[in-house]
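Note that the protein sequences, when read in sequence, are chains A and B.
With our numbering applied, the first sequence corresponds to residues 457 to 792, in that order.
With our numbering applied, the second sequence corresponds to residues 168 to 445, in that order.
C-beta atoms are modelled at their ideal positions from N, C-alpha and C, and glycine is treated no differently.
Please read the structure below before turning to the comments.
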Amino acid sequence: MRPRFLLSLIAAVLLCGATGTQAKDISLLNVSYDPTREFYKQYDELFAKYWKAKTGDDVTISTSHGGSGKQARAVIEGLEADVVTLALAYDIDANAKQSGLIPSAWRSRLPDNSAPYTSTIVFLVRKGNPKNIHDWNDLLRTGVQVITPNPKTSGGARWNYLAAWGYALKQSGGDENKARGFVTDLYRNVPVLDTGARGSTTTFVQRGIGDVLIAWENEALLAVQQFGSDTVEIIVPSVSILAEPSVSLVDQNVDAHGTREVAEAYLQYLYSPEAQELAAKNHYRPRLAQVTERYKDKFPALPLFTVDEVFGGWQAAQAKHFNDGGIFDQIYRPGQ
Amino acid sequence: MVGFSYRNRAGKLPGFGLTLGYTLFWLSAIVLLPLLSLIVKPADMGWPAFWRLATDKRVVSAIGLSLGSALIAAAIDAVFGLIVAWVLTRYRFPARRLLDAMIDLPFALPTAVAGIALAALYAPNGWIGAPLAKLGIKLAFTPAGIVIALIFIGIPFVVRTVQPVLQDLDRDVEEAAVTLGAPRIRIVFSVLLPLVLPALLTGFALAFARSIGEYGSVIFIAGNMPMFSEIAPLLIVIKLEEFDYQGAAVIGVTMLGLSFILLLAINLLQRWSRSWQQ
Chain A
457 MRPRFLLSLI AAVLLCGATG TQAKDISLLN VSYDPTREFY KQYDELFAKY
507 WKAKTGDDVT ISTSHGGSGK QARAVIEGLE ADVVTLALAY DIDANAKQSG
557 LIPSAWRSRL PDNSAPYTST IVFLVRKGNP KNIHDWNDLL RTGVQVITPN
607 PKTSGGARWN YLAAWGYALK QSGGDENKAR GFVTDLYRNV PVLDTGARGS
657 TTTFVQRGIG DVLIAWENEA LLAVQQFGSD TVEIIVPSVS ILAEPSVSLV
707 DQNVDAHGTR EVAEAYLQYL YSPEAQELAA KNHYRPRLAQ VTERYKDKFP
757 ALPLFTVDEV FGGWQAAQAK HFNDGGIFDQ IYRPGQ
Chain B
168 MVGFSYRNRA GKLPGFGLTL GYTLFWLSAI VLLPLLSLIV KPADMGWPAF
218 WRLATDKRVV SAIGLSLGSA LIAAAIDAVF GLIVAWVLTR YRFPARRLLD
268 AMIDLPFALP TAVAGIALAA LYAPNGWIGA PLAKLGIKLA FTPAGIVIAL
318 IFIGIPFVVR TVQPVLQDLD RDVEEAAVTL GAPRIRIVFS VLLPLVLPAL
368 LTGFALAFAR SIGEYGSVIF IAGNMPMFSE IAPLLIVIKL EEFDYQGAAV
418 IGVTMLGLSF ILLLAINLLQ RWSRSWQQ
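Okay, here's the thing in structure tokens:
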């Protein structure tokens, strides 16, 4: 290529950049966790269309996925996310506390505790339910092997643990010691502790280990869809936890990027009927009553308790159960 | 070689100062600086807290498992890697080049892929795991599974360090031994093995060092049960998940220190074997 040609090419590109587009080109980075991959792929397109129609601006959204805790750490360490959409409020709390990028009162900024879609914890069993598992107490029977990831490494698995604890607490009328015994017995039936939820699903479905997988409802629905209803089926327990994957603006980053307005709209639009419909299609329970009504066969109604009600919020739950030396660690202390 | 002093040897080629400076700069920038930042992290927590964490039962058990399984795997790699290298250099057979190229696959394969493949193979419903399960042997999701994964990732180190030495080995030495009437087994142990021992030790050290910190391939086959099949790198990840950077650094530093001592010992052993050879 001759230098003059190259020069004119560069000039042309520069000229285009300066005059060609009237509308703004905005890019957003959404740092999310693993199982939302399909949902956000579709939602990003939906939102881009909505934003174009509303303002005329083009918005390109990149969404990064990974383990929830790992993603939270990446943002703390400087990944310039505009919004975070993670598996549990604790990971966003940690962000607020460690980095100060997010104000600590972030949860009250959006409706429904900043959790636009929810899920719950259910069981996945092998076709025909050979071990006859119907509720949490069936998981404690001898000879039943339970697959669940390590709550120390998997944010998702913390919901599994808390759901079991909440059930035991309800059964015993609030007896903490009974709940502790229940959870200890439950984890004694766990032969493999994978580091993440997808790993556990693989161990259960593909490696053929265990009789029951404790899973998020959206993951269980995905597994049934993927592996076919002739291999696995879903069992809904009598009571479970309301899993609230939370979303937040990363204030300092959007202010630095000048993207606050569009990032706020990106999160608010998650509550719109269109987005709620999309969430339901991707196996998350919608918040909007009119959409829930349409999907009531897919998401059976069951009594759900929240982390705030039973555990006094994520900070308290984390400190008591999952931190170093917490109740979960004590289950595996030798000689107990 | 013995008669030269260091000063004389340095003076042989020009540019000693420049090259030494260059070496030190890059060594510092690439190796020492990251290690220093690791050591600085737990420095402000004080010795008692550091010691309490480093000697915690679970940490000790995990580090013991990591070092132990790395040692076993490296030892197995040393034996079989030597045999593989021997066969590849001494015999001509069809598809030898293909086999030779395949040795490097564990280098190239993403470790997570290797881990998933091995877990699938050795799980109770896998090709190897199923017949073994009938015999009552469990490999996947036990410490034995960890060793299997580490053998897999470590073997190319041994083969690739031993192979060139075997290639350069003078046939005359063996022939001389034969003419002197040495039996075959004596040739292997008194003539060949001492010659390849330094390279074999290097291969062993490399395989061992690589195995200590291995996370990706092990995590899928280990089962990760605390106090049983939980490796030290997993404990570091657990600490990080708790946003406990200091705790993670403490385990990291402890592992680093222990690995350094072990590698130093292997290096000394190697030097000793070399001097013994002369």
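Starting from residue i, follow the alpha helix (DSSP H) in both directions and report where the run begins and ends.
{"i": "W621(A)", "result": "611-627"}
{"i": "V639(A)", "result": "632-644"}
{"i": "T516(A)", "result": "No alpha helix (DSSP H) contains T516(A), which is instead part of the beta strand (DSSP E) from 514-520."}
{"i": "G296(B)", "result": "296-301"}
{"i": "T256(B)", "result": "224-257"}
{"i": "N551(A)", "result": "545-555"}
{"i": "K406(B)", "result": "399-408"}
{"i": "G188(B)", "result": "183-194"}
{"i": "K426(A)", "result": "Here chain A has residues from 457 to 792 only, and residue 426(A) is not among them."}
{"i": "P215(B)", "result": "214-221"}
{"i": "S204(B)", "result": "200-207"}
{"i": "K587(A)", "result": "Element bounds for K587(A): n/a, residue is neither H nor E."}
{"i": "D267(B)", "result": "263-269"}
{"i": "G525(A)", "result": "524-532"}
{"i": "G312(B)", "result": "310-335"}
{"i": "R716(A)", "result": "716-724"}
{"i": "D211(B)", "result": "Neither: D211(B) is in no alpha helix (DSSP H) and is coded neither H nor E."}
To the nearest whole angstrom, what separates the beta carbons of residue i and residue j, a pair I think is in contact under 8 angstroms?
{"i": "G321(B)", "j": "S378(B)", "result": "5 angstroms"}
{"i": "P323(B)", "j": "F274(B)", "result": "5 angstroms"}
{"i": "L437(A)", "j": "L698(A)", "result": "Outside the displayed span of chain A (457 to 792) sits residue 437(A), for which this structure offers no information."}
{"i": "R563(A)", "j": "S570(A)", "result": "5 angstroms"}
{"i": "S236(B)", "j": "I313(B)", "result": "5 angstroms"}
{"i": "A719(A)", "j": "L705(A)", "result": "5 angstroms"}
{"i": "F308(B)", "j": "A389(B)", "result": "7 angstroms"}
{"i": "I665(A)", "j": "V648(A)", "result": "6 angstroms"}
{"i": "E689(A)", "j": "V680(A)", "result": "7 angstroms"}
{"i": "I354(B)", "j": "A344(B)", "result": "5 angstroms"}
{"i": "D707(A)", "j": "I577(A)", "result": "Not really, about 31 angstroms apart at Cβ, beyond 8 angstroms."}
{"i": "P742(A)", "j": "L542(A)", "result": "About 19 angstroms; that fails the 8 angstroms criterion."}
Give me the DSSP bridge partner(s) of residue i.
{"i": "V539(A)", "result": "N486(A), L705(A)"}
{"i": "L760(A)", "result": "S696(A)"}
{"i": "R741(A)", "result": "T574(A)"}
{"i": "E689(A)", "result": "V581(A)"}
{"i": "V602(A)", "result": "V668(A)"}
{"i": "D481(A)", "result": "D514(A)"}
Under 7 angstroms between C-beta atoms, does residue i make it to chain B?
{"i": "V639(A)", "result": "no"}
{"i": "K737(A)", "result": "no"}
{"i": "V688(A)", "result": "no"}
{"i": "G599(A)", "result": "no"}
{"i": "Y643(A)", "result": "no"}
{"i": "G664(A)", "result": "yes"}
{"i": "Y751(A)", "result": "no"}
{"i": "Y788(A)", "result": "yes"}
{"i": "A571(A)", "result": "no"}
Would you kindly report the start and end of the unbroken beta strand (DSSP E) that includes residue i?
{"i": "V581(A)", "result": "573-582"}
{"i": "L669(A)", "result": "668-672"}
{"i": "S694(A)", "result": "Counting along the chain, S694(A) falls outside any beta strand (DSSP E), and DSSP gives it neither H nor E."}
{"i": "S378(B)", "result": "Counting along the chain, S378(B) falls outside any beta strand (DSSP E), though it belongs to the alpha helix (DSSP H) covering 360-379."}
Using a Cβ-Cβ distance cut-off of 7 angstroms, determine whether residue i contacts chain A.
{"i": "G390(B)", "result": "yes"}
{"i": "F410(B)", "result": "yes"}
{"i": "V280(B)", "result": "no"}
{"i": "P361(B)", "result": "no"}
{"i": "V404(B)", "result": "yes"}
{"i": "V207(B)", "result": "no"}
{"i": "I386(B)", "result": "yes"}
{"i": "P393(B)", "result": "yes"}
Q: Check each residue of the region 288-313 of chain B: if its Cβ is closer than 7 angstroms to any Cβ of chain A, include it; give the result in chain order.
A: A290, P291, N292, F308
Q. Between the region 604-624 of chain A and chain B, which residues of the former have a C-beta closer than 7 angstroms to a C-beta of the latter?
A. N606, K608, T609
Q. At a Cβ cut of 8 angstroms, what residues of the region 341-352 of chain B count as close to chain A, listed as they run along the chain?
A. none
Q: Could you list the residues in the region 417-434 of chain B with a C-beta less than 7 angstroms from some C-beta on chain A, going in chain order?
A: none
Q: Below 9 angstroms between beta carbons is the criterion; list the residues of the region 646-672 of chain A that meet it against any residue of chain B, in chain order.
A: V646, P647, V648, L649, D650, T651, G655, T658, T659, Q662, R663, G664, I665
Q.
At a CB distance below 8 angstroms, what residues from the region 225-246 of chain B approach chain A? Give them in sequence order.
A. R225
Q.
Output needed in chain order: residues of the region 540-568 of chain A with a Cβ under 8 angstroms from some Cβ in chain B.
A. A550, Q554
(Q) To be precise: take each residue of the region 486-515 of chain A, compare its Cβ to all Cβ atoms of chain B, and keep it if any distance is under 9 angstroms. Which residues remain? (A) none
Q) For the region 513-537 of chain A, which residues have a CB atom closer than 7 angstroms to at least one CB atom of chain B, in sequence order? A) G525, R529
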